[in-house]
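Note sheet for the following structure.
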Amino acid sequence: MTRYDPAANEPKWQAAWDAAGLFAAKADPGRPKYYVLEMFPYPSGRIHMGHVRNYTMGDVIARFHAAKGFSVLHPMGWDAFGLPAENAAAERGVHPAAWTYQNIADMRAQMKLLGLSLDWSREFATCDPEYYGQQQALFLDMLAAGLVTRKAAVVNWDPVDMTVLANEQVIDGKGWRSGAPVERRELTQWFFKISDWSEELLSALDGLEDWPEKVRLMQANWIGKSRGLQFAFETVGAPQGFDRLEVYTTRPDTLLGASFAAISPDHPLAKALEGDPKVAAFVADARRGGTSAEEIETAEKIGYDTGIRVKHPLDPTWELPVWIANFILMDYGTGAIFGCPAHDQRDFDFATKYRLPIPPVFVAEGAAEAVLAEAFVPMKSERVRFVRGFAGAGVQTGDEAVSAAIAHAEAQGYGKGVTKFRLRDWGLSRQRFWGAPIPVLHCPACGVVPERKENLPVRLPDDVTFDRPGNPLDWHPTWKHVACPACGAAAKRETDTMDTFVDSSWYFARFTAPHAGTPTDMGAADYWMTVDQYIGGVEHAILHLLYSRFFARAMVKTGHLPAKAAEPFAALFTQGMVTHEIYTSFEELALAPSGPTTYDGKGGVTVRPGTGNYRQRYHFPEDVEQTENGVVLRSTGEKLIVIPPAKMSKSKKNVVDPQAIVAQFGADTARWFMLSDSPPERDVEWTASGAEATAKHLSRVWRLADEAAKSEGPATPADGALAREVAKATRDVTAAITGFAFNKGIAALYALTNAVSRSDAGPQAKRTAFRAMAQLMAPFVPHLAEEVWAMCGGKGLVAAAPWPEVDPALLVEDVVTLPIQINGKRRSEVTVPKDMAAAEVERLVLADETVQKFLAGQPVKKLIVVPGRIVNVVA
RNA sequence: GCCCAGAUGGCGGAAUGGUAGACGCGCUGGUUUCAGGUACCAGUGCCGCAAGGCGUGGAGGUUCGAGUCCUCUUCUGGGCACCA
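Here the first sequence is numbered in my numbering, starting from 302 and rising by one per residue.
Structure follows, in structure tokens:
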């Protein structure tokens, strides 16, 4: 018996596709276009199973739309700037570019094994001078259009990587790459003014109907619109220029519960007081740690009483102390608050610690006013009784009370309603080498001067070393010393480079004209944009997608994209992770007392307390073996602890290498299995048994097709039953692909295989069925599909064949089997012609022996006949 | 604390309010094979010899009929948050 040989067939068909130029995207005004894009990879050097899953999904979508007659754009590139290249450069003494381009070459070779329908002619890396040069041009246009600004900001400073970190790059108060504790520093930085677009970016989310609801919600929360009251306290005893203290509150209904005012350590007033050494010492203390709310949350609340007082707006005789407190963020609102400890837990904690009064504004309905043990924050449904009412009070708490309080403040003239957003401007400056240089100069005479466009790209130098910390651009002997483009005087280049999120915020637009002499070509962009289907990990739900949405708008404004592309991704799909079991063992260290290891059932492994020193080891799946005894290490037979599947990670060694899988089973097996076992949005567990089963199935399909291809038989007309199975599968696979339910599409293909296998139709009818199956399989397992197509007499390449249409007549059944329920329980069934009248069905049902038996003489109260579905007898 | 998503056989998962468990894995029996593997056939929610009964985290409800809709609840996963 011959077996299917992927190793021989897959390269053959890949070469055939290449020779036919099938995947080169061509702008064809006569055809509808379809732009499918997967989030491009960082060139780490190896592809992983997550890539395989991501790109296979995109490939199914791309191949399907090509077969449906669309002009498809399905490009691939490299998100190639970033810290790992610099780390590698520092460790190995290679230039980041050399390391990056070698990785790209390696990964491209691995990816090509997968048989993806990618247009490689459009490939670029963001570290190509051609790409980042256009990015610099884009930056200059945005600068001219007022979309970029330079301002001082408190930033997270990573003292090891010597760079600014975004809040989200700070994990547990430490840099996400270096692990070093983060400090807060004030630097002058370049910013994209994304916060000007808060309202637009928020409201436009409503139109993104083909985005996951979850992602839209996460973006909405991130933008964080709130309605509140802004007002100014009159100060008493404050330094010159601080007669008033502006505060913002979303809870103006609790204004009568004020007990203190507090300002951020970064507030101008705090700075004005830093002449006092005690204040300076406190502020230094409060600034320890990162700027993220999460970081600040875990820090203990500390405060310093400035001695300044403010007058309550509703009662000038009522004075509140002004504290500097570490939990107030300068970036949100005005950097100053009034504290209402009775109805805000963190204010309560603060007031308790510093023995400040805690006056309640309201209590739960029916409750007496008592000393509070914690802040009283009523639930939405809870009714309250006001104990310190004012005009506008007396209604429910919540939005109504807030609106009433704002109206009251506006009527009395002490404040006004203000809408604030949480979203902050996007700081793009990075003090790193391996990024796109920010194309501006600092001239002693002219100040900040944009580089001239004809001088772009501002290239990174080749002669750099990484043997000392900081930014190599900054201490390069010559790079930054240039003449001012405006006056010709000696000037210095900006040595900051751009955040790598900038690179990935417009690459999708560049793919439409990857070698244009301007950032985009409007003709190409007009044809291809927007991206019809974007696919990637949910980890990019906020930043990358929000930045891209901002950039697309900025590019419309600067004339680099047509207005219709302002929302760059029409549909988004976020795929689940690839997981694998983890195999671990404990190595007992010398002199340690012995004790058993245990597994807690939740993914954690613990060594029994008090048993001494162990070193935990992880083992690669390829090094372990399943035995009757459980999972053991192949080399030693040592029994291993198996931890339930988790995301593949190098540190846990629960990884499988796609290249090895392709070598063992072929690309089609990897592709099929990645899509077959779980819905695409959920995690999928990679298992060796599942991969083997997939390979067996694909081999079976090939063998059945091979048999059909080789059998001689009468030229029977197409077998009706088999044709019906093909029609059903066509309907189901089509629906599964358009509905992003690839697992169901694969189930339909299994069902069709079984149907063909069991069918007694002649070989000719079977060959017809197999050609149809090849077409349906082609998006999932394109190589095997070509093989089956060719064996069974398909003309040309199946990859170039149109998608099969369903003949609706074939899906119509002549007779239907109706289940019969008696009082809602299934008791019998009746097979009737499809169109039988309900009255006739009723007669048949009542005559049914089983029905009579279960009725046992009871009268029938009601008889429900749902045509074509079910019959329910109510007795 | 708030928001979101889930909970279905031994496992992954199917199921426009209409036969719960498609399809796959695993398992059982059989055929082929010297054997292992492969391949093929049959079976496989639970209890029960059977008739039948019970079954979609739990408790109620709506309905002729609920995995699906409503209320409450438990648990799991994810997101957000000293956001004023």
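From the three backbone atoms N, C-alpha and C, an ideal C-beta is built for every residue, glycine too. As the structure is a computational prediction, the values presented were derived from the model and not from experiment.
For Met856, three-class secondary structure by DSSP: Taken through DSSP and simplified to helix, strand or coil, Met856 comes out as helix.
Inter-residue spacing [alpha-carbon to alpha-carbon] between Pro815 and Pro614: Taking the Cα positions, Pro815 is about 60 Å away from Pro614.
Would you kindly report the start and end of the unbroken alpha helix (DSSP H) that includes Tyr808? 808-811 is the span of the alpha helix (DSSP H), which, as asked, contains Tyr808.
Can Ala866 and Ala825 be called in contact, C-beta distance under 8 Å? Going by beta carbons, Ala866 and Ala825 fall outside the 8 Å limit.
In this structure, how does DSSP classify Phe1081 when only helix, strand and coil are distinguished? Three-state result, Phe1081: coil.
Need the endpoints of the alpha helix (DSSP H) that Tyr433 sits in, please. That run of the alpha helix (DSSP H) goes 430-445.
Is Val1167 buried or exposed, if buried means 16 or more other CB atoms sit within 10 Å of its CB? Exposed, by the Cβ-count rule.
Measuring alpha carbon to alpha carbon, tell me which of Ala317, Pro307, Glu547, Ala309 ends up nearest Leu1098. Looking at the Cα atoms, Ala317 is the closest of the given residues.
Following the continuous beta strand (DSSP E) through Gly576, name the residue where it begins and the one where it ends. No beta strand (DSSP E) contains Gly576, which DSSP labels as neither H nor E.
With 16 other CB atoms within 10 Å as the buried threshold, where does Gln531 fall? Gln531 should be labelled buried.
Would Ala652 be called buried (16 or more neighbouring beta carbons within 10 Å of its own) or exposed? Buried, by the Cβ-count rule.
For a quick check, are the C-beta atoms of Ala968 and Leu419 less than 8 Å apart? No, the pair does not count as a contact, with Cβ atoms beyond the cut-off.
Name the DSSP beta bridge partners of Ala872, please? DSSP, once it has assigned bridges, lists Asp511 as partnering Ala872.
Trp776 burial status per 10 Å Cβ neighbour count (16 or more: buried): Note on Trp776: under 16 other CB atoms within 10 angstroms of its CB, so exposed under the neighbour-count rule.
Go ahead and pull the three-state DSSP assignment for Gly940. Per the sequence shown, residue 940 should be read as Lys rather than Gly. In this structure, Lys940 counts as strand in the three-state DSSP scheme.
Confirm, please, whether the CB-CB distance from Gly558 to Ala643 is below 8 Å. Closer than 8 Å, so yes.
What is the DSSP secondary structure of Phe425, reduced to helix, strand or coil? Reduced to three states, the DSSP call for Phe425 is coil.
Would you report the Cα separation of Glu755 and Met830, rounded to the nearest angstrom? Each residue's alpha carbon lies about 28 Å from the other.
So Thr995 is in the beta strand (DSSP E); what residue range does that whole segment cover? Taken as a continuous stretch (DSSP letters only), Thr995 belongs to no beta strand (DSSP E), being part of the alpha helix (DSSP H) at 989-1011.
State the Cα-Cα distance for the pair Arg1127 and Phe974, rounded to the nearest angstrom. Between Arg1127 and Phe974, the C-alpha separation is close to 37 Å.
So, Pro1080 versus Arg364, is the Cβ gap smaller than 8 Å? Taking the C-beta atoms as reference points, Arg364 is found nearer than 8 Å to Pro1080.
Find out if the Cβ-Cβ distance for the pair Thr859, Asp442 is shorter than 8 Å. Contact check for Thr859 against Asp442 passes: the beta carbons are separated by less than 8 Å.
Would you grab the beta carbon distance between Gly370 and Glu424 for me? Rounded to a whole angstrom, and I think it's under 8 Å. The Cβ separation is near 25 Å, so there is no contact.
Extent of the continuous alpha helix (DSSP H) to which Pro385 belongs: Pro385 -> alpha helix (DSSP H) spans 384-393.
Less than 8 Å separating the beta-carbons of Lys602 and Arg647? Their beta carbons are under 8 Å apart, which means Lys602 touches Arg647 by this criterion.
Using DSSP with H/G/I as helix, E/B as strand and the rest coil, what is Ile362? Shown here, Ile362 sits in a helix according to DSSP, grouped into three states.
With DSSP as the reference, label Val623 as helix, strand or coil. Reduced to three states, the DSSP call for Val623 is strand.
Distance check for Val1002 and Val449, CA to CA, integer angstroms please. Within the model, the alpha-carbon separation for Val449 versus Val1002 is close to 58 Å.
Neighbourhood of Lys1045 by C-beta distance below 6 Å, restricted to the same chain and skipping five residues each side: Excluding residues within five positions, the ones whose Cβ falls inside 6 Å are Ala1037.
Based on Cα-Cα distance, which residue from Asp1115, Lys1162, Ser805 lies nearest to Gly1169? In this structure, Asp1115 is the residue among Asp1115, Lys1162, Ser805 with its C-alpha nearest to the C-alpha of Gly1169.
Going along the chain, which residues of its own chain have a beta-carbon closer than 7 Å to the beta-carbon of Val879, five neighbours each way excluded? Within the same chain, and ignoring the five residues on either side of Val879 in sequence, the residues whose Cβ sits closer than 7 Å to its Cβ are Met350, Gly351, Arg354, Met949, Val985, Trp987.
Could you please give the first and the last residue of the uninterrupted alpha helix (DSSP H) stretch that includes Ser1058? First-last of the alpha helix (DSSP H) with Ser1058: 1043-1059.
With C-beta atoms as the reference, is Ala1073 less than 8 Å away from Thr1031? Contact flag set, yes.
At the level of alpha carbons, what is the spacing between Arg552 and Gly529? Answer to the nearest angstrom: the Cα atoms are 7 Å apart.
Residues bridged to Ile883 (per DSSP): Ile883 pairs with Ile944.
How about Ala737 and Phe1041: do their beta carbons lie closer than 8 Å? Against a cut-off of 8 Å, the Cβ pair of Phe1041 and Ala737 comes out as no contact.
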